[in-house]
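4 protein chains.
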Amino acid sequence: MARAKVENKYKAILDAAISVFAAHGFWDTPTSLISKTAGVADGTLFNYFKTKDDLINEVYLEIKKELGERTLDGLAAKDSIREKMRHVWNTYVDWGVENPDKFTVMHQIGSSYTLDEKVKAAAETGYLEIQRIASESIAKGEIRDYPTDYLGAMIDMQAVMTVQFIRQNRAQATKYRDIGFEILWNGVTR
Amino acid sequence: MARAKVENKYKAILDAAISVFAAHGFWDTPTSLISKTAGVADGTLFNYFKTKDDLINEVYLEIKKELGERTLDGLAAKDSIREKMRHVWNTYVDWGVENPDKFTVMHQIGSSYTLDEKVKAAAETGYLEIQRIASESIAKGEIRDYPTDYLGAMIDMQAVMTVQFIRQNRAQATKYRDIGFEILWNGVTR
Amino acid sequence: MARAKVENKYKAILDAAISVFAAHGFWDTPTSLISKTAGVADGTLFNYFKTKDDLINEVYLEIKKELGERTLDGLAAKDSIREKMRHVWNTYVDWGVENPDKFTVMHQIGSSYTLDEKVKAAAETGYLEIQRIASESIAKGEIRDYPTDYLGAMIDMQAVMTVQFIRQNRAQATKYRDIGFEILWNGVTR
Amino acid sequence: MARAKVENKYKAILDAAISVFAAHGFWDTPTSLISKTAGVADGTLFNYFKTKDDLINEVYLEIKKELGERTLDGLAAKDSIREKMRHVWNTYVDWGVENPDKFTVMHQIGSSYTLDEKVKAAAETGYLEIQRIASESIAKGEIRDYPTDYLGAMIDMQAVMTVQFIRQNRAQATKYRDIGFEILWNGVTR
DNA sequence: CATGAATGAGGATTCATTCAT
DNA sequence: GATGAATGAATCCTCATTCAT
């Protein structure tokens, strides 16, 4: 029970951070606002995260992990490379649309913050399987022979953009999602 | 010292800001570091930019303007849509590689800072011609019928990524630049 | 240090403010001087008062409250209007002589600072009883029919002046106090 | 002509200072606002007044001088002490009502600023004649034997208060002016 | 004399972090 | 572990004053 309470607080702080980071940007969000939002005392935050930088890194990692797991889920069941890629793409985009705060914060941190090397590495792990699949397909000649990390980054960016467009125009969600995939697919196959 | 080197100082501060923003991120760069780097007194910065926010906006606008002009230069001389697109792509990527600080800062601000609406609008103006060309080509059936702002954003993101890769691997500059264009072109045409 | 000497610190800051305000004027007293005088850290002041303006308002209110209570104390026991007025006058003047800093600061703020409307209103409350007594006496024809707020302001100003004179000449304290009252009484009755 | 221009600027700065001091208080009026209001360059102000403190002292002195002269004007023609006092009172109050800015600034500076001793002394000179008349009357037994500086200060304060009331209620100007005098007269005579 | 850009000390306020309870 | 008052370094910005033109 005591343990549960602790876990709750850790989670509460993380969630609060995501929510206020999304609203104000991590760099001008006071830790006190995070603790207030989480319903804990100012000092408590520092029992769970040594520094604010620690918290930022942790937030990033947590989001990445969630997204990674979600993306992998059901991936193995897909047969063709096209279906696999479609699966990855759809989960990514859908998750971004459903979790606007996490999505925003993930990219905000990713593009404007110098993450710990360890965290950066850990964040990648969830995506190794996808890289592996890509390599395999390249070997089979199914997709063009581009560096797999370049391909990974490309999917990422394309998704960011697509989600942003959908958010401004929810009605067109499916349309934008399909366009995005089409471009991607056409771009990488021959 | 009345009439002095006014224009110089404005420029000096702007350049200093770009350089230190690139190194530390705009949100934790003290204005005092900017003025020191620019070789002016702390207070002087505020003679040229009312607030730090003003400076950030101005930095963004200035960079966008430079890039816009550069991209347009020579564009009209190109005949086919493919050549035009190639021209835009190459100048963008080359500029990004040659101006790493400006490139970094532009995207850092663009993705993590809420710009003034006026600045946002002004920043677009340099890119209207490109949008116009895209529309024209879509009408002619040369490229697929995707929203032009979506296409614009895509080129932007693809370029960001490409520049980042090239910077980590200067030797492969041309290769990455070509791959990027190929993906783009294949993605957008049929 | 959680629960610590909270009340003490609030009081310490308030007292320090009064003391340094009296010496330098509230408008060119740095908050840092106040905190130093109070024996707390610079930042601590802002835990108790949101802004310097807040502190100024609070200082004013606190002084007014103290004076108001002091004036009321024993007032009801006096029978005639003359005795009541004499009581008010004496306490006011005596308090001013005994508390030169509070007296100075109260009038400095009162005459050169735009107080919060709320504070202004709150500051009045302690003096309503006096106004009531004045009204009553006017009704009974004991004192002339002048607006009561005008009468109130008059007593105030007369007291300020009297206290200033006494402070420059402590030996004549009683004499000035009596003269002041005499003028007042003669001015207001027929 | 050159001379005239200079005089104009001196006057312009002084007037500008009075106007903005009245609006914001002298202690948070930047000298740059004064020069802008006066229509001169920032630096020009310091050609006429060595420091801001100098300017404040000068402003005070100028106002006092004007009021002193105005009060004296026509005073000698009055016969009785009552008429003389009435004259002084009326001119003072009327001037205060007609010149709200000067009036405000004069008392703001007088009550919240440490004036140069020289200026303080110079400011008194215009009022010596009034003090002399008071002494004379006391000697003749026409008014009570109170210290003349005390009497002077009293008139001053009473006037401040009266003017403030009139300003909030212009319609009652004459009424308040008369009440004020009545109280004063009753207070000082027997 | 007039100008106004340049200066930099000073000042209010914020906020990550600590630590006694 | 939880708390939240205390801290003080750090930061943005202001403004009186100077001085080269």
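Residue numbers (my numbering), protein chains in the order written: chain A, 13 to 202; chain B, 13 to 202; chain C, 13 to 202; chain D, 13 to 202.
Note that beta-carbon positions come from the ideal geometry of N, C-alpha and C, so glycine has one too.
If we count Cβ pairs, one from each stretch, closer than 8 Å, do we get three or more for the stretch 85 to 104 of chain B versus the stretch 33 to 51 of chain B? no
Give a yes or no on whether the minimum CB-CB distance between Ala135 (chain A) and chain B is below 7 Å. no
At 4 residues or longer, and completely inside the stretch 65 to 130 of chain B: list those alpha helix (DSSP H) runs for me, N to C. 93 to 110, 112 to 124
Between the beta-carbon of Asp113 (chain A) and the beta-carbon of Ala34 (chain A), is there less than 7 Å? yes
Please classify Lys17 (chain C): does DSSP put it in a helix, a strand, or coil? Low per-residue confidence applies at Lys17 (chain C): pLDDT is 47, beneath 50, and the placement is therefore not dependable, though the value from the model is reported in the following sentence. Coil at Lys17 (chain C), not helix or strand.
Rounded to a whole number of angstroms, what is the C-alpha to C-alpha distance between Arg15 (chain D) and Met97 (chain D)? Legend: pLDDT at Arg15 (chain D) = 43, less than 50; position of this residue unreliable, value from coordinates given subsequently. Going by the C-alpha atoms only, they are around 40 Å apart.
Same chain, Cβ closer than 7 Å to Val175 (chain C), neighbours up to 5 away in sequence not counted: Val105, Gly108, Val109, Phe115
For Gly86 (chain C) and Val100 (chain C), the rounded distance between their alpha carbons: 9 Å
Within this structure, are the beta carbons of Ala171 (chain D) and Lys76 (chain D) separated by less than 7 Å? no
Alpha carbon to alpha carbon, how far is Ile142 (chain A) from Ala53 (chain A)? Give it in angstroms, no decimals. 41 Å
Does any CB atom of chain C fall closer than 7 Å to the CB of Asn102 (chain D)? no
Simplified DSSP state of Ala12 (chain B), which is helix, strand or coil: The shown model of chain B, from 13 to 202, leaves out residue 12 (chain B), and the question about it has no answer.
Would DSSP call Lys48 (chain C) helix, strand or coil? helix
Closer than 7 Å, Cβ to Cβ, to anything on chain A: give me those residues from the stretch 103 to 127 of chain B, in chain order. His119, Gln120, Ser123, Ser124
Verify whether the separation of the beta carbon atoms of Tyr22 (chain D) and Tyr60 (chain D) is less than 7 Å. yes
For Thr201 (chain A), which residues in the same chain have their Cβ closer than 6 Å to its Cβ, ignoring the five residues on either side in sequence? Ile155
With respect to the alpha helix (DSSP H) encompassing Gly55 (chain C), which residues constitute its N-terminal and C-terminal limits? 54 to 60
Any idea what DSSP makes of Tyr188 (chain B), helix, strand or coil? helix
Taking Cβ positions, are Asp128 (chain D) and Asn69 (chain D) nearer each other than 7 Å? yes
Phe177 (chain A): contacting residues in chain B (beta-carbon distance under 9 Å): Pro159, Asp161, Tyr162, Ala165
Rounded to whole angstroms, what is the Cα-Cα separation between Ser123 (chain D) and Thr41 (chain C)? 16 Å
Using a threshold of 7 Å, state whether the C-beta atoms of Tyr4 (chain D) and Ile195 (chain D) are closer than that. With chain D covering only 13 through 202, there is no way to say anything about residue 4 (chain D).
Using 7 Å as the threshold, is the C-beta distance between Ile167 (chain B) and Asp157 (chain B) below it? no
Min CB distance Met13 (chain A) to chain B below 7 Å: Residue placement at Met13 (chain A) is flagged as unreliable, the pLDDT there being 38, under the threshold of 50; the coordinate-derived value follows with that caveat. For Met13 (chain A), the answer is no, since every Cβ of chain B falls outside 7 Å of its Cβ.
To the nearest angstrom, how far is the alpha carbon of Thr126 (chain A) from that of His36 (chain B)? 9 Å
Any heavy atom of the ligand ATP inside 6 Å of the beta-carbon of Lys187 (chain D)? This structure simply doesn't include the ligand ATP, nor any ligand for that matter.
Helix, strand or coil: how does DSSP classify Ile178 (chain A) here? helix
Residues within the stretch 185 to 198 of chain A neighbouring chain B, beta-carbon criterion of under 9 Å: Tyr188, Ile191, Gly192, Glu194, Ile195, Leu196, Trp197, Asn198
Indicate the three-state DSSP secondary structure (helix, strand or coil) for Arg144 (chain A) in the structure shown. helix
Can the beta-carbon of Ile118 (chain B) be found less than 7 Å from the beta-carbon of Met169 (chain A)? Residue identity differs from the one stated: residue 118 (chain B) is Met in this sequence, not Ile. Going by C-beta atoms, Met118 (chain B) is not nearer than 7 Å to Met169 (chain A).
Own chain, CB closer than 8 Å to Glu74 (chain D), minus 5 neighbours either side, in chain order: Leu26
Compare the C-beta of Met97 (chain A) with all C-beta atoms of chain B and state if any pair is closer than 7 Å. no
Less than 8 Å between the CB atoms is what I'm expecting for Gly138 (chain B) and Leu84 (chain B), so what's the real figure, rounded? 7 Å
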